[in-house]
Structure formats: C-alpha cells, structure tokens
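Asks:
In the numbering used here, the protein residues as written are 12 to 150.
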C-alpha cells in the first residue's frame, strides 16, 4: 500500500504551495506557518482515511469532543495573547520593547490556556495537573 502515502504527500505539498502563495503576501511568515500547519493536517487526515474505512482510525466522537475543547481553549488563549500584545506594544522601544511585548503575550496565553483547559475538562490538562500534584507530593 505505498500508493496512499505517496498521493497524500503530493496533495499535502500542493496544499502547502497553494496556501503559501495565497497567505504570504498578507501574513508574511505567519502565512508560511499556517500553510505548513494546514498541509500537515491534510496529510494526516489523508493517511487516516484507510484506517477509518477499516474501523481502526482515531476520528471517534470522543476525539472530536476533545479537539473541540482544545480549539476553544486555544481561541481564548489567542485572544488573551493578542490583547496583551496590543496593550504592551509601543510601551518600550527597540528590541527590549519587542521582548517585553512578546513575553507579556506569551504569559497572558499561558495564564488563560491552562485554566480554560481545566474548566473545559480537557483530558490532557487534567493529566498535567495530576502529574504535577504527584511530583510535588514526592518532594
């Protein structure tokens, strides 16, 4: 079954090229990142199709619910990071200002993501919490 991965790879490369051409004019490097992420997702989904047909895939209802929770937590995190960048941009000039701006955006994202993920009951967040508790108990 070597044909499936070959076709999936070709399609994902075509998607990547197309999105790079469309997105880099307006989004620059961010457009490249988006194109890469989307084409990798397309590749994974195309590789999963034969597994889904045999009933061995990962696109179950519970997976899609978890994915939805993750997307929601990520959207909240993105809004917080974007807000922090808007508030802190221009406060300091030069490279130091850029570092402070990016650092505040990252911190805001972390502060929002993990509580949102916990509130949504995201299984990975619960696993991180439980692991951290175990490590702290040990000493």
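Glycine included, every Cβ here is placed at the ideal spot set by N, Cα and C.
Compare the Cα-Cα distances from residue 131 to each of 51, 41 and 85 and report the closest residue.
Replies: For the residues 51, 41 and 85, the minimum Cα distance to residue 131 belongs to 85.
Asks: Closest to residue 83 by CA distance: which of 104, 27, 123 and 143 is it?
Replies: 123
Asks: For residue 93 and residue 17, what's the separation of their Cα atoms in angstroms?
Replies: Using only the alpha carbons, I get a separation of about 39 Å.
Asks: Near residue 20, which residues of its chain fall below 7 Å by C-beta distance, leaving aside the five closest residues on each side in sequence?
Replies: So the list reads 54, once near-sequence residues are dropped.
Asks: Do residue 68 and residue 59 have their C-beta atoms closer together than 7 Å?
Replies: yes
Asks: If you count every other CB in all the chains shown that lies within 10 Å of the CB of residue 143, and 16 or more means buried, which is it?
Replies: Around the beta carbon of residue 143, fewer than 16 other beta carbons sit within 10 angstroms, so the residue counts as exposed.
Asks: Candidates 51, 46, 14 and 117: which alpha carbon is nearest residue 34's?
Replies: 46
Asks: Taking only three categories from DSSP, how would you classify residue 69?
Replies: coil
Asks: Assuming the contact rule is C-beta atoms closer than 8 Å, residue 129 and residue 145 should be a hit. Round their C-beta distance to whole Å, please.
Replies: No, residue 129 and residue 145 are not in contact; Cβ-Cβ is about 17 Å, not under 8 Å.
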